[in-house]
Every structure is written in structure tokens, then in C-alpha cells.
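Visitor: The structure is given below, and queries will be raised subsequently.
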Amino acid sequence: MTAIEAVSAYLPPVAVPIEELGARLGVDSAQVRVFRRFYGLAEARYEPDGSLTDLLLAAAGKLSALRGQEGRVRYVLQARTLQNVAPYPVNPLHEVREALGLRHAQAFAVTQHACASGLLAVDLAGRLLAADGDPDALALVLTGEKAFTPVAQLIQNTTFMGEGAAAVLVRPGGGPDRMLGYATRTHGQFAAALRMGPELAAEFETRYLDCLAEVVLGALDAAGLTLADLDLVLPHNVNRLSWSRLCKQIGYPVQRVLLDNVPVTGHCFCADSFINYQTARERERLAPGDRYLMAAVGLGATFSAMVFEH
Amino acid sequence: MTAPEDTELRTWLTERVAEYLGLPAHEIDTGRQLADYGLESVYALALCGDIEDHLDLRVEETIVWDHPTIDQLGAHLDRLRAPRPALEAG
Chain A
94 MTAIEAVSAY
104 LPPVAVPIEE
114 LGARLGVDSA
124 QVRVFRRFYG
134 LAEARYEPDG
144 SLTDLLLAAA
154 GKLSALRGQE
164 GRVRYVLQAR
174 TLQNVAPYPV
184 NPLHEVREAL
194 GLRHAQAFAV
204 TQHACASGLL
214 AVDLAGRLLA
224 ADGDPDALAL
234 VLTGEKAFTP
244 VAQLIQNTTF
254 MGEGAAAVLV
264 RPGGGPDRML
274 GYATRTHGQF
284 AAALRMGPEL
294 AAEFETRYLD
304 CLAEVVLGAL
314 DAAGLTLADL
324 DLVLPHNVNR
334 LSWSRLCKQI
344 GYPVQRVLLD
354 NVPVTGHCFC
364 ADSFINYQTA
374 RERERLAPGD
384 RYLMAAVGLG
394 ATFSAMVFEH
Chain B
67 MTAPEDTELR
77 TWLTERVAEY
87 LGLPAHEIDT
97 GRQLADYGLE
107 SVYALALCGD
117 IEDHLDLRVE
127 ETIVWDHPTI
137 DQLGAHLDRL
147 RAPRPALEAG
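Protein chains in written order, with the numbering used here: chain A, 94 to 403; chain B, 67 to 156.
Have a look at this one:
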């Protein structure tokens, strides 16, 4: 069994309105208007003078549960969407591992599910810890990326990307915030991702809700639960519309999807659900025993959902 | 089934859809689903924004999916705009 020991999120200080982002990235005003009015987007957060190392350290530095427990950490996983984030031999993951006093831990990146790699990393971390058999061991999952090129700043017709980050401490075993179920499915026909032609892009758009519904219901089924048992959804922050449409399709109240951060952060790659977890805790949206679901979609395309009990 | 009565609203909707699709208005079948024309969702929503401006009312963000043809959309908007019956005096 896998459980979340702690989560800390970091939102960079610079909030850029989407009108400014649209002007910079050549997005027409009709689209930007749609993004604000119907997608619920308003701003995205950036750290213009900060590196990827700075972002990840800012998140991990807030992880009070890590302090004094560094010796228990066996693995550091960086979940990221972008395959290449620094020129060789620069290695932000190794820099972060060193700065956190975790040189003894094995470190590697998880990218194969794109923006759904955060959930994959949590699952992988739990499996590695379980295989090691040490109930006191921990793993650190780092999420968040620099939107350092125009390609990394915009998903056409969909959202703007932000630079929020989150650090997740994972432990083996049960207890609070234990994972009850995980469902993931990769649809390889969409492997071209941002380079899909118009026909495939249209097919992806048509199938999106069904694919997301499949893993949401699949994760609940794996957990032995139904929608009626689900207290809260911690979604990706891509936009509000995808969630309102999904909720209508599956018959789940959209009020139970934490969409507070959609107008604040932009879509922060693999970090969204973990950022939303911290918000849920701060706003007392989770009570002991509540069942909550994290969901993510990665271009290429992978749909994933993970159910926990708080 | 007879075709729905052509209204000013349906004409306007047809012209807006035609503009987003880059087609002449007379080639738009008002009974055909907008998704079948390949109208991208972001432009379907831009149409919603146009509707809000044109009719001075706020529409639900899922309206284009709930009423996927121009005929259905027009009928729904007609219902939204219909004057409510006056309450009887007590």
C-alpha cells in the first residue's frame, strides 16, 4: 500500500493576466475571451528569475515533514512533462537532491505520462518502497516545471501553463492519505501530442471526456467505491469547462471539484492535484475519513486517476 | 418533419457559425451537429460569447454541447428569452 505522508506546494509570486500571455503568444482575442469567460482562466503564476532548481527547492523547502527525516528518504523522483529541461551536464534533480541533503537517495525522472507523471511517480514510489520492505522508508516526489519556451507556455485552444510546484513525501503502508485505487490508460494513437494533425486533434477532443470518465470510475472501482462515496476531486487545473462537462456526464456535483486554483495558477504540468491538495487542507475541504480523487491528463495521451482516503 | 421556422436568431446563428467555419452561410445545415462540421470547441465557446453579447444574457458554458445543432440552440435560446408569465395579483 502507498500513502501520502505530506505535501507542500509553492506558487511563484508573479501573476500574469491571460490577456498579456495571449498577446505574447499570438493567441487571438476571441480565444482569450473564451479562456476567461468559459474556461475560468484568469492568470498564471511565474518565477521569471528562478530556475527549475529554485522552483523545486521552494516547494521541498516548505515540506516540514522532511526536516530531520532525510535519512529515511530512499528515492527522489522528479515527475515532469518536458523530456529535456536543461542542457547537459546541468541536472536540476541532482542539484535539488544535493541541496536537500539527500545525496544517499536514488534519483530519477518520470516523464512517460506527461502531465499525468505525478500520479505515476507516486505509484512508482510506493511500489519501490513496498519492494524494499522497510516500513520507515520514504520517497520524495517533486513536481513543477519552468514554462521556458512558447511551446511550454500554451496548449492551443486549451490553457496556459504555470510554474507552480509541489513536493510530495510518500510512505509505504496505510494510515492517513493512503491510496485506495489507481487507474491509468495511455491512448497511443495520440502520441504526436502537440504535433497532432487536425483530424487526430478533433478525435482527441471528442474522446477526452469518455477517457477521463473511464479512469475516474476505474480508480473508484479499484478502490471498491462509487461516485457516491467520493467527497472531493482534486483536478488538473487545465480549465474549468472540462470538469463541468465531465461532472455533467458522470453525474457528479461540480461543487465537489476543487476548481479554486484554475483562475490563479494556470496548468502547472504534473503539480496541479498536489497544489490543490494543499489548498483543500488550508480551506478545510478534507475531513478525516474523506475519500478524494486526484486526476491528471498527459498529452500523448495518458488519463489517470488516483483515489485516497484522508 | 417540417423545417423549423426560420427566425432572425437562427439566421444570425447560421452566419456566425459560417464565419467560424469559413463557409458560405447557405451551406450550413441548421439540423446538423456543429461538431460534425469540425467546429473546434474553443470556437463553439466563442459563439457562446457572441450569443451573450448579441442577446444580452448569460448562457451556461455547456450550452453548445447540450444543444448541438443550430436549430436546437436557437430553440433553447428562444425559451431562455421567452417572457415569463406575470404572477397573478394576490
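Even for Gly, the Cβ is constructed at its ideal location relative to N, Cα and C. On a predicted model such as this, the values are computed, not experimentally measured, just so you know.
Ordered along the chain, which non-local residues of its own chain (more than five positions away) have a Cβ less than 8 angstroms from that of P182/A?
Guide: none
Visitor: On a Cα-Cα basis, can you pick out the residue from R220/A, T95/A and I111/A that is closest to T252/A?
Guide: I111/A
Visitor: Spell out the partners DSSP gives Q99/B in its beta bridges.
Guide: In the DSSP output, where bridge partners are listed per residue, Q99/B has T135/B.
Visitor: So, is I136/B buried or exposed, given that buried needs 16 or more other C-beta atoms within 10 angstroms?
Guide: buried
Visitor: Which full runs of the beta strand (DSSP E) of 3+ residues lie inside the segment 135-162 of chain A, going along the chain?
Guide: If we require 3 residues or more, the beta strand (DSSP E) runs fully inside the segment 135-162 of chain A come out as 136-139.
Visitor: What residues in its chain sit with their C-beta under 6 angstroms from that of Q406/A, if we drop five residues either side in the sequence?
Guide: A question about residue 406/A goes unanswered here, because the residues of chain A that appear run from 94 up to 403.
Visitor: Does the beta carbon of E112/B sit closer than 7 angstroms to a beta carbon anywhere in chain A?
Guide: Residue identity check: residue 112/B is Ala in the sequence provided, not Glu. Output row for A112/B: interface = yes.
Visitor: Compare the Cα-Cα distances from F241/A to each of E140/A, A321/A and L156/A and report the closest residue.
Guide: Out of E140/A, A321/A and L156/A, E140/A has the C-alpha closest to the C-alpha of F241/A.
Visitor: According to DSSP, what are the bridge partners of Y385/A?
Guide: L325/A and F401/A
Visitor: Counting only Cβ pairs nearer than 7 angstroms, list the residues of chain B close to V127/A.
Guide: V108, L111, A112 and G115
Visitor: By Cβ distance below 7 angstroms, which residues in the same chain neighbour V350/A in space, the five residues on each side in sequence not counted?
Guide: These residues qualify, in order along the chain: V326, P328, W336 and C340.
Visitor: Can you check whether the C-beta of L334/A is within less than 7 angstroms of a C-beta belonging to chain B?
Guide: yes
Visitor: Determine the direct distance from the alpha carbon of V108/B to that of E296/A, and round the result to whole angstroms.
Guide: 15 angstroms
Visitor: Run through chain B and tell me which residues come within less than 8 angstroms of N250/A, C-beta to C-beta.
Guide: E106, S107 and V108
Visitor: What's the gap between the Cα of T73/B and the Cα of G290/A?
Guide: C-alpha separation (whole angstroms): 37 angstroms.
Visitor: Please indicate yes or no: does the CB of L105/B lie closer than 6 angstroms to some heavy atom of the ligand ADP?
Guide: Questions concerning the ligand ADP fall outside what the structure shown contains, since it holds no ligand whatsoever.
Visitor: Strictly under 7 angstroms for the Cβ-Cβ distance: is R338/A near chain B by that measure?
Guide: Taking Cβ atoms only, chain B reaches closer than 7 angstroms to R338/A, which makes this a yes.
Visitor: What residues from the segment 124-158 of chain A come within 9 angstroms of chain B, judged by C-beta to C-beta, listed N to C?
Guide: Q124, R126, V127, F128, R130, F131, Y132 and G133
Visitor: Cβ atoms of D270/A and F401/A: under 7 angstroms apart, would you say?
Guide: yes
Visitor: Which residue wins for smallest C-alpha separation from R98/B, given the options A112/B, R147/B, I117/B and V130/B?
Guide: From the listed residues A112/B, R147/B, I117/B and V130/B, the smallest Cα separation to R98/B is found for V130/B.
Visitor: Please compile the residues from chain E whose C-beta is within a distance smaller than 8 angstroms of the C-beta of T128/B.
Guide: Considering every chain present, this structure includes no chain E. Its protein chains are A and B.
Visitor: Find the residues of chain B that neighbour E298/A, judging by a C-beta separation of less than 7 angstroms, and give them in chain order.
Guide: S107
Visitor: In chain A, which residues lie with their C-beta within 7 angstroms of the C-beta of W131/B?
Guide: R338
Visitor: Check whether the segment 100-116 of chain A and the segment 210-223 of chain A are in contact - that is, three or more C-beta pairs closer than 8 angstroms.
Guide: The segment 100-116 of chain A, when compared against the segment 210-223 of chain A, does not touch it at the 8 angstroms Cβ threshold.
Visitor: Provide the residue span of the beta strand (DSSP E) that contains Y168/A, from first to last.
Guide: Looking at the DSSP string, the run of the beta strand (DSSP E) that includes Y168/A is V166 to A172.
Visitor: Does the separation of the CB atoms of A230/A and R333/A fall below 7 angstroms?
Guide: no
Visitor: Identify whether L123/B lies in helix, strand or coil by the three-state DSSP scheme.
Guide: coil
Visitor: DSSP has I248/A in a bridge; who is on the other side?
Guide: When DSSP reads this structure, I248/A sits in a beta bridge with T252/A.
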